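Participant: One structure coming up, written as structure tokens, with questions to follow.
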Amino acid sequence: MAAVHSFRLKNEDHELEKILAGKSGKEKSDFIREALGFYIRYADKINKLDEISSGIRDILSRLDGMSVCRSVGHEENREAEQDRDDYEQILSESVRDLLNL
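Positions 1 to 101 (the working numbering) are the ones given, in order, by the sequence shown.
Structure, rendered in structure tokens:
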């Protein structure tokens, strides 16, 4: 026998009310069951993706703060290229670390 569960919407649950208002009783039940199942299955993955995207945003904001200037001299060009390669290596390792959380 299937168990019956119910809940009440709070005053601030306008979005839920809007979604559920247009559904019949069975449609509401199916929607709520599927939404809860989705949350149970994917909550950890969604939270991990949120952490990763936050880390990537931090890296990008730090990169925006870095300035790379082009040099006219040959030796200065090599140093600038080496600096750029170092930054790219750091970025690559940081993104790899974030993806391996």
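The beta carbon of each residue, even a glycine, is placed where N, CA and C say it ideally should be.
Because the structure is a prediction, the values reported are computed rather than measured.
(1) With asparagine 17 as the anchor, note down where its alpha helix (DSSP H) starts and where it stops.
(2) Could you tell me whether the Cβ atoms of serine 94 and isoleucine 59 are closer together than 7 Å?
(3) Report the three-state DSSP secondary structure of alanine 43 (helix, strand or coil).
(4) Report the option in Asn11, Lys18, Arg33 and Ile46 whose CA atom is closest to the CA atom of histidine 5.
(5) Do you know offhand how far glycine 55's Cα is from alanine 3's?
(6) Please report how far the alpha carbon of arginine 41 lies from the alpha carbon of glutamate 79, in whole angstroms.
(7) Tell me whether the beta-carbon of leucine 9 lies closer than 7 Å to the beta-carbon of glutamate 15.
(8) Is serine 71 helix, strand or coil when you go by DSSP?
Facilitator: In short:
(1) The sequence as given places glutamate at residue 17; asparagine does not occur at that position. It spans 14-21 - the alpha helix (DSSP H) in which glutamate 17 sits, taken as one unbroken run.
(2) Closer than 7 Å, so yes.
(3) helix
(4) Arg33
(5) 42 Å
(6) Distance between the alpha carbons of arginine 41 and glutamate 79 is about 49 Å.
(7) no
(8) Any answer about serine 71 is weak, because its pLDDT of 48 lies below 50 and its placement is not dependable; what the coordinates show is given next. Coil at serine 71, not helix or strand.
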